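Numbering that gives the first Met the number 0 puts the sequence shown at residues 0 to 188.
C-beta atoms are modelled at their ideal positions from N, C-alpha and C, and glycine is treated no differently.
Bear in mind the structure is a predicted one, so any value in this text is a computation, not a measurement.
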Amino acid sequence: MTDRNAANTRSRILEIAGELFRTKGYAGTSIADITGRLGTSKAALYYHFPSKEHILDAILGDSLAAHARIAELADGNATAEELLGALVDLVAGAGTVLAVFGNDPSVVAALSQRESDYRLRDKDSRIVAALAGPRPTTAARIRAQAAIAVAKDGTRMILAGRDRGLRKAERAELLAAALRAHHGQGGTR
Numbered sequence: 000m001t002d003r004n005a006a007n008t009r010s011r012i013l014e015i016a017g018e019l020f021r022t023k024g025y026a027g028t029s030i031a032d033i034t035g036r037l038g039t040s041k042a043a044l045y046y047h048f049p050s051k052e053h054i055l056d057a058i059l060g061d062s063l064a065a066h067a068r069i070a071e072l073a074d075g076n077a078t079a080e081e082l083l084g085a086l087v088d089l090v091a092g093a094g095t096v097l098a099v100f101g102n103d104p105s106v107v108a109a110l111s112q113r114e115s116d117y118r119l120r121d122k123d124s125r126i127v128a129a130l131a132g133p134r135p136t137t138a139a140r141i142r143a144q145a146a147i148a149v150a151k152d153g154t155r156m157i158l159a160g161r162d163r164g165l166r167k168a169e170r171a172e173l174l175a176a177a178l179r180a181h182h183g184q185g186g187t188r
């Protein structure tokens, strides 16, 4: 198997497992379910992942690594629009993790461990600091937190119960609402 084929197979496993975790739940999804959808053998799956837990860990790790990249953007010269847009995209792209982790204790435990490993709170603090600016007032920190909440929670709300991602217009509205929160502007437009 070439490196490219192996990477494609790994990606397909993660994609299909993620879909099944979202629709059937983590506990309700078996290795046989995953291989059945893939149209491959268990041996082929085990070549890439030794267990279902390792598949989950890879899905969680991909999502948390994307969060780390946003923190790196925050350390640079990213604009509020770039940071908040990246957060909207992160949550939209992490739909599997978000749909699964809230109702499965084993996933919550795995996510908590991964968050600790990735020092997620530190990364969130860096994003807040970038949005609040140098020597921020309490009001600036509150607006930064509010903008992040709009970006993340607004995306979760729109995606709840959906099988597909955000529409372009929905993403634009979420980003506009997050920017209004960041700038301390209320209202709908």
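A residue is called buried when at least 16 other Cβ atoms come within 10 angstroms of its Cβ; alanine 168 does not meet this threshold and is exposed. Annotation for glycine 164: no alpha helix (DSSP H) segment contains it, and DSSP assigns it neither H nor E. Between the beta-carbon of alanine 150 and that of leucine 72 there is about 13 Å, and that puts the pair past the 8 Å contact cut.
Three or more beta-carbon pairs drawn from the region 64-79 and the region 120-130 are found closer than 8 Å, and the two stretches are therefore classed as touching. Each residue's CA atom was taken as its position, placing threonine 22 and alanine 93 some 14 Å apart. Judged by pairs of C-beta atoms under 8 Å, the region 9-17 touches the region 30-38, as three or more such pairs exist. Contact between the region 170-181 and the region 142-149 is established, with three or more Cβ pairs separated by less than 8 Å.
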